[in-house]
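Residue numbers (our numbering), protein chains in the order written: chain A, 22 to 205; chain B, 800 to 900. Where is the CB? At the ideal position from N, CA and C, for every residue including glycine. This report refers to the structure that appears directly beneath it.
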Amino acid sequence: MSANILAFSAVAALAIASGIGVIAFRNAIYSALSLIVNLLSLALFYLILNGMFIAAAQVLIYAGAIMVLFLFVVTMLSSDKAALQTADHISWQRLVGVIAGIIFAALASFLLLIHAQIAPDAVAQGSNNLFTQISAPGSGNTETFGMALFHGFLFPFEVTSAIIVAAILGAVVLGRRSRAKSED
Amino acid sequence: MAVSLNSYLIVSAILFSIGVIGVLVRRNPLVIFMSIELMLNAVNLTFMAFANALGSVDGWIFVFLSLTVAAAEVVVGLAIIVAIFRTRKEIDIDEMNTLKG
């Protein structure tokens, strides 16, 4: 067993175990912490797959920004434990959900195992493009990414700023207390 | 010997299915939201695996843009959950069956 396969198996086991932890823990705090482990193991996957800049961005954006927001809201909302322990209205929900999910996993794995393959000319087409080569001679990983982002994908990158402005405005509008309530 | 593309795709399918089970089974909207993040990241893993297999950077760009959209989505989603909790004083997804104010 080579080192590559050993590393892949260890990270895959970590990712799947922490993913199961996200949906299995009763306390939402433990779910959030388990999701952080899952996101970090995906960053390790990206390192194995030669995506160093994306691995760093995954750690910074997800584990650094998004999960802090999650933990903040979880601690803010779960202050009273009684609200979390409500009665189960749909008794068959858990069983049917798990069965449907397992069927979905089996079908997806089967189809990926049988039918997922790369067309023979796709690799040649990908390396024809000047800005989208992973191993362009004499350029580092981040430099390749930056060249692709700012030359081939400049317009999507600029549209992203509009999405972020819309999200900020939406959060401000939703987070503000309504005027009728604040007057009295 | 390198790890094949299919093994990455199958790990990604398993993670996506865990997210699906989480959305179907759990009743805490925060945990459902985390399961959605799990599914987003599973798809990101397929993008990275295909980018590595094809020798192209396009998959990285997709992952980068999806990271940005996920950050925006989390901001708006958590704001909605906090707003619902502020008015309803409960966070059971089965009780939130009316979407009027």
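Arginine 887 of chain B: contacting residues in chain A (beta-carbon distance under 9 Å): Neighbours of arginine 887 of chain B across chain A, judged by C-beta separation under 9 Å, do not exist; the nearest C-beta is about 10 Å away.
For valine 89 of chain A, the nearest candidate out of B/Leu864, B/Val862, B/Val874 and B/Phe849 (CA to CA): Of all alpha-carbon atoms in B/Leu864, B/Val862, B/Val874 and B/Phe849, the one lying nearest the alpha-carbon of valine 89 of chain A is that of B/Val874.
Could you pull the start and end residues of the alpha helix (DSSP H) that valine 194 of chain A belongs to? Per DSSP, valine 194 of chain A belongs to the alpha helix (DSSP H) from 175 to 196.
Which residues in chain A sit within 8 Å of isoleucine 879 of chain B, going by Cβ to Cβ distance? Identification of chain A residues near isoleucine 879 of chain B by a Cβ-Cβ cut-off of 8 Å yields Leu195, ordered along the chain.
Quick one: Cα of leucine 837 of chain B to Cα of histidine 172 of chain A, how far? Within the model, the alpha-carbon separation for leucine 837 of chain B versus histidine 172 of chain A is close to 31 Å.
DSSP three-state label for serine 855 of chain B, please. Reduced to three states, the DSSP call for serine 855 of chain B is strand.
Can you find the residues in the same chain that come closer than 7 Å, C-beta to C-beta, to alanine 28 of chain A, ignoring five residues on each side of it along the sequence? For alanine 28 of chain A, same chain residues with a beta-carbon under 7 Å away, outside a window of 5 residues either side, are Ile69 in chain order.
Determine, using beta-carbon pairs with one atom in the stretch 800 to 808 of chain B and one in the stretch 856 to 874 of chain B, whether at least three such pairs fall under 8 Å. Counting Cβ pairs under 8 Å, fewer than three are found: no touch.
Test: threonine 163 of chain A CB closer than 7 Å to a CB of chain B: Taking a beta-carbon distance threshold of 7 Å, threonine 163 of chain A does not count as an interface residue toward chain B.
Are asparagine 840 of chain B and leucine 63 of chain A close, meaning C-beta to C-beta below 7 Å? Yes, the pair counts as a contact, with Cβ atoms nearer than the cut-off.
Are the beta-carbon atoms belonging to threonine 181 of chain A and threonine 867 of chain B less than 7 Å from one another? In this structure, threonine 181 of chain A lies near threonine 867 of chain B, with their beta-carbon atoms less than 7 Å apart.
Report yes if the C-beta distance between arginine 825 of chain B and aspartate 893 of chain B is below 7 Å; otherwise report no. Here arginine 825 of chain B is not near aspartate 893 of chain B, since their CB atoms are 7 Å or more apart.
Is DSSP giving aspartate 891 of chain B helix, strand or coil here? Reduced to three states, the DSSP call for aspartate 891 of chain B is coil.
Can you name, in chain order, every residue of its own chain whose Cβ lies under 8 Å from the Cβ of aspartate 205 of chain A, other than the five neighbours on each side? Caution applies to aspartate 205 of chain A, whose pLDDT of 43 falls short of 50 and renders its modelled position unreliable; the model cannot decide the point.
Name the chain A residues that come within less than 8 Å of serine 806 of chain B, Cβ to Cβ? Those are Phe29 and Ala33, listed as they occur along chain A.
Examine chain B for any beta-carbon lying closer than 7 Å to the beta-carbon of asparagine 71 of chain A, and answer yes or no. Yes, asparagine 71 of chain A lies at the interface with chain B (some Cβ there is under 7 Å from its Cβ).
To the nearest angstrom, report how far apart isoleucine 820 of chain B and leucine 35 of chain A are at their CA atoms. Rounded to whole angstroms, isoleucine 820 of chain B to leucine 35 of chain A spans 18 Å at the Cα level.
is_contact[valine 856 of chain B, chain A] using C-beta, thresh 7 Å: Yes, contact with chain A.
What's the gap between the Cα of isoleucine 75 of chain A and the Cα of threonine 845 of chain B? The alpha-carbon atoms of isoleucine 75 of chain A and threonine 845 of chain B are separated by roughly 13 Å.
Against chain B, with Cβ distances strictly below 7 Å, would glycine 167 of chain A count as a contact? Residue contact with chain B for glycine 167 of chain A: absent (no Cβ-Cβ distance below 7 Å to any residue of chain B).
Alpha carbon to alpha carbon, how far is glycine 191 of chain A from alanine 869 of chain B? Rounded to the nearest angstrom, the two C-alpha atoms are 15 Å apart.
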